[in-house]
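According to the working numbering, the residues represented by the sequence shown are 635 to 792, in order.
Here is the structure we will look at.
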Amino acid sequence: MSTFAAVFAPDGGTWRGAELELGEVDVIDDVTDLTLDFATDTGSPSAVLLIEVDDDWFAIVRADEDAEPRVYLSDLRVAEDYPLAGVLAEAGALVGAGVPDTARGAAPSGDSGLLEDFGVPAEELRSLSVGSGVLPSDVLAVVADRAGFGEVLDGMRL
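Spelled out as structure tokens, the structure:
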């Protein structure tokens, strides 16, 4: 399984980012702690974690000081097959949201408005998630560009 995870936090007028090794994640607090530690190091009250797994699905986690994490999962169907996706789905109260057995294509779920204040409208995130032939890494690149940390993400992927 190939997993890419990177955390980003605003630092004044710029963004800083770092690749993360998620390892074994049993509860959302494992993810939130790593994300908020980075935010604290940059002096920011919030951070955004982008996760992409096997060119199959992606997730976005937003962690803000003194708030519950906000989660968006590109395809709820993967929650049963990937432990990390299951943890994220549970944290975002997405478990039991239900995906019809007849559903074709991605079944995005979660807080699609988690990055609206960074310039990524909820409808655009949902639309990108269900686009046919669009890889998760491409969606995350668009999200990063819109939010203002596209160059930082590009630098990690070179």
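Glycine included, C-beta positions come from ideal geometry on N, C-alpha and C.
Remember, it's a predicted structure, so these values are computed and weren't measured experimentally.
In the DSSP output, which residue or residues are listed as bridge partners for residue 704? Counting from one through the sequence shown, the residue named residue 704 turns up at place 70. DSSP lists 696 as partners of residue 704.
In its own chain, which residues sit with a C-beta less than 8 Å from the C-beta of residue 659, not counting the 5 before and 5 after it? Against the sequence shown, residue 659 aligns to sequence position 25. Excluding sequence positions up to five before and after residue 659, its CB lies within less than 8 Å of the CB of 665, 717, 718, 721, all in the same chain and listed in chain order.
Tell me, please, which residues DSSP counts as bridged to residue 766. Here residue 766 refers to the residue found at position 132 of the sequence shown. Note: residue 766 sits in no beta bridge, so no partner.
Between residue 713 and the rest of its own chain, which residues show a CB-CB distance below 6 Å, the 5 nearest in sequence each way excluded? Reading the sequence shown from its first residue, position 79 is the one you call residue 713. Within the same chain, residue 713 has close Cβ partners 719, 720, 723.
To the nearest whole angstrom, what separates the beta carbons of residue 726 and residue 744, a pair I think is in contact under 8 Å? Position 92 of the sequence shown, counted from the first residue, corresponds to residue 726. Position 110 of the sequence shown, counted from the first residue, corresponds to residue 744. Rounded, the Cβ-Cβ distance is 5 Å, consistent with contact.
Taking the alpha-carbon of residue 685 as reference, which of 662, 640, 709, 776 has the nearest alpha-carbon? To locate residue 685, count along the sequence shown from 1; it is residue 51. Minimum Cα distance to residue 685 is reached at 640.
When burial is assigned at 16 or more other CB atoms within 10 Å of the CB, is residue 695 buried or exposed? Residue 695 sits at position 61 when you count from the first residue of the sequence shown. Counting other Cβ atoms within 10 Å of its Cβ, residue 695 reaches 16 or more and is therefore classed as buried.
Can you give me the start and stop residues for the beta strand (DSSP E) that residue 715 sits inside? As a working mapping, residue 715 is identified with position 81 in the sequence shown. First-last for residue 715: undefined, no H or E at that position.
Return the chain-ordered list of same chain residues with a C-beta closer than 6 Å to the C-beta of residue 682, the five sequence neighbours on each side being excluded. Counting from one through the sequence shown, the residue named residue 682 turns up at place 48. Only 642, 696 meet the Cβ criterion.
Roughly how many whole angstroms lie between the Cα atoms of residue 751 and residue 662? In the sequence shown, the residue the question calls residue 751 occupies position 117. In the sequence shown, the residue the question calls residue 662 occupies position 28. Taking the straight line joining both Cα atoms gives about 23 Å.
7 Å Cβ cutoff met for residue 709 and residue 691: Here the question's residue 709 lines up with position 75 in the sequence shown. Here the question's residue 691 lines up with position 57 in the sequence shown. For the pair residue 709 and residue 691, the CB atoms are nearer than the 7 Å cut-off.
Distance CB(residue 670)-CB(residue 693) smaller than 7 Å: For the purposes of this step, residue 670 is taken as the residue at position 36 of the sequence shown. For the purposes of this step, residue 693 is taken as the residue at position 59 of the sequence shown. Not in contact: residue 670 and residue 693 (Cβ atoms no closer than 7 Å).
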